[in-house]
Structure formats: structure tokens, C-alpha cells
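Presented below is the structure to which this report refers.
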Amino acid sequence: MMLISSLLIRRALAIALCFAAIAVHAATPLSDLYSAVPRPPADVTEALTWVSDGEIVQAKFVAVAAALAAERAKIATLNGGTMPSIPISVATSIPDSVEVQAAARSFADYLAHAQGDAAPKAVLGKRKRWLQAAFGRSQLEISRSMAPCDTPCTDTAVIEANKRLVSRRDYELKTEIRAWNAMFDDWKTKQFGALIAADTYIEAAGGGAATTAQGRSIIASYQAAMLDEIELLLSITKLCVLRAEAIVNGLDGSEPDAISGATKKAAK
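FYI, the numbering for the sequence shown is 93 to 360, going by the numbering used here.
So, in C-alpha cells, the structure goes:
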């Protein structure tokens, strides 16, 4: 894969480092980071501006990804140098402060509703796969009907022959992008309460810095679970953008492509 231009790298890193610095020094609440996750682009044209050489370089997306990495590093430090695993359940009657016990109860309640098929990753994964399959079938049908051409296509005869199909492809993709935006909005609203609760209880517990080893472990795991929630929301935007870019770059049915859900153009 080609490297992103140095200008794009400098611009993205500058914004990302600024965002990360805010997260580290101002103790940005996790719910604020959740709110900062960028919504998927509004249309195909905008989606294509987000990508360079197969990588998402949109400033807000890069900044949130960098802030997530910074928060994970902080949590690993709190947990003794390693990222905590997300437990199935946690003890709520622990020899610690009232505030830490309250945070443990809040986390236990979250975990009780986030197991197995009800786990956020499982639920969202099912919805994403359904959406990919629904639109992927249509895009596959369109792509197989197109006359193959290198990207960017400069053959005027092929361009003219594909004009109607390209129009249909773009309409389908526009509809799909709207569906990704609707999914993003619905999921963000559905899960936002969990982030608010976590912020409230973790802040009251002093971030877990002055608790027992067991208390710190519980707080660290609670924070890690909320970072996973933020990453899940970000994944909706990421998949929407990469699918749009893959589909517009040309599909001819010759090669399976997990990103587009349809097929990727074979190099000529």
C-alpha cells in the first residue's frame, strides 16, 4: 500500500496529538470522546475525500482514533501495565470506598445486559453484516453487468456503455450511506446512557487512582469496556467510508472483497 502524503500525515497527526493532549491533561470524560466520534459522511462525494491510499485521513476520525489509543495507554497504566480484559461479572461487595463499590455495581449492571448474543459487539456486528449483505447483493449484480475498465477509466466507449449502471450504482450507494448514518444515530443514542453512567461513577470514585488493587482493576475494566463502546461506534463510520471507496473504485465480480461486501475490480 502506498504511503499517505507527508502533508496529510502532518495535518492528521497535529490534530490527533492535540486531541490526545486534551484527553490526557484535561481528563476528558469518556462520554465526551463518544460524542466526538464523527458521523459517517453525508454522501458519496464526501466519503471519497476521507480516504487516501486506502486509509481514512479525515481529521476528526484520526483524532478520535488517537485519543482512544491514549486512553487505552492510561488504563493500562492504572491496571499495572497491561490492558484489562472485560470480565463476565464483577464483585460488588468489595473492601473499598462507597464510591468504588457504587462504580462496581454500575459496571456489574452493564455486564449483566452485555453478554452472549446481547453483547454490544455481537448485536452491532449482526446489524452491520445484514446491511453489508443487503446492499452488497445489489452492487454485485450491478458490477457484474459493467464492462471492465481500469480506475480511473478513460475509455470513452466503456464510460458511455456503463453510464446507466454507474448511475444505478451511485443511487444504491447513496441509499446505503443514508442507512449507515441511520444506524450510527440509532446506536449512538442506544448506548450513550452507558457512557454517561460510567463517567458519573468513575469520576466519583476518583478514577480508581486511590483505591485498593481490586478496586483499581474493576475501574480499569469498566473504563476499557467503555472504550470498546466508543470503538464500536467509530467502526460504523469506518466501514461506511471504506465500503463507499471500494465500490466507487470499480467492481467487476472477479474477486471477493470483504470490505465492499460485493467484489473488487481485478487489475488488468
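We put the beta carbon where it would ideally sit given N, CA and C, even for glycine. Treat the numbers as computed from the prediction; the structure is a model and nothing was measured.
| task | Might you give, ordered along the chain, the residues of its own chain that have their beta carbon closer than 7 Å to the beta carbon of Glu268, omitting 5 neighbours on each side? | result | Only residues of its own chain outside the window of five on either side were considered, and among them Phe227 have a CB closer than 7 Å to the CB of Glu268, listed in chain order.
| query | If we ignore side chains and look at the alpha-carbon of each, how far apart do Ala139 and Ile328 end up? | reply | Approximately 13 Å between the Cα atoms of the pair.
| task | Name the residue from Gln315, Leu325, Cys332, Ile322 whose alpha carbon lies nearest to the alpha carbon of Pro176. | result | Nearest to Pro176 by alpha-carbon distance, out of Gln315, Leu325, Cys332, Ile322, is Gln315.
| task | State the start and end residues of the unbroken alpha helix (DSSP H) segment that holds Asp278. | result | Residues 248-296.
| Since Gly173 is in the alpha helix (DSSP H), which residue starts that stretch and which ends it? | In the DSSP assignment, Gly173 falls outside any alpha helix (DSSP H) and carries neither an H nor an E.
| query | Does at least one heavy atom of the ligand COA sit under 6 Å from the Cβ of Lys266? | reply | This structure lacks the ligand COA, and indeed carries no ligand of any kind.
| request: Answer yes or no: do Asp291 and Pro121 have a C-beta to C-beta separation smaller than 7 Å? | output: For the 7 Å CB-CB criterion, Asp291 and Pro121 form a contact.
| message | So, with DSSP's three-state summary, where would you put Ala167? | response | What sits at residue 167 in the sequence shown is Ile, not Ala. Ile167: helix per DSSP, three-state reduction.
| task | Using alpha carbons as the reference points, say which of Ala239, Leu324, Glu337, Leu265 lies closest to Thr156. | result | Per the sequence shown, residue 156 should be read as Val rather than Thr. Proximity to Val156 across Ala239, Leu324, Glu337, Leu265 peaks at Leu324, based on C-alpha coordinates.
| message | Less than 7 Å between the beta carbons of Val129 and Leu326, yes or no? | response | Between Val129 and Leu326, the C-beta spacing is below 7 Å.
| request: Just tell me which of Leu170, Gly146, Ala162, Leu125 has its CA closest to the CA of Leu331. | output: Selected option, being the one with the closest Cα: Gly146.
| request: Determine the extent of the alpha helix (DSSP H) in which Ile328 is found, giving its start and end residues. | output: Its alpha helix (DSSP H) spans residues 305-340.
| task | Rank Val250, Val190, Cys245 by C-alpha distance to the C-alpha of Asn341 and give the top, closest one. | result | The shortest C-alpha to C-alpha distance from Asn341 to any of Val250, Val190, Cys245 is the one to Cys245.
| Check whether Asn273 and Pro132 have beta carbons under 7 Å apart | A distance below 7 Å separates the beta carbons of Asn273 and Pro132.
| request: Out of Ala214, Arg261, Lys166, state which residue places its alpha-carbon closest to the alpha-carbon of Ile339. | output: The shortest Cα separation from Ile339 among Ala214, Arg261, Lys166 belongs to Arg261.
| field | Gln224 classed as buried or exposed, judged by whether at least 16 other C-beta atoms fall within 10 angstroms | value | It counts as buried.
| query | Apart from the five residues just before and just after Gln306, which ones in its own chain have a Cβ nearer than 6 Å to its Cβ? | reply | For Gln306, the CB contacts under 6 Å within the same chain, skipping 5 residues up- and downstream, are Ile186 in chain order.
| Spatial distance of Ala289 from Glu191 (CA atoms) | One C-alpha to the other measures close to 13 Å.
| request: Measure how close the beta-carbons of Tyr126 and Ala194 come, nearest whole angstrom, since I'm counting them as under 8 Å. | output: The beta carbons of Tyr126 and Ala194 sit about 21 Å from each other, so the pair does not count as a contact at 8 Å.
| said: Give me, in chain order, the residues of the same chain whose beta-carbon lies closer than 6 Å to that of Lys152; leave out the 5 immediate sequence neighbours on both sides. | reply: Contacts found: Pro130.
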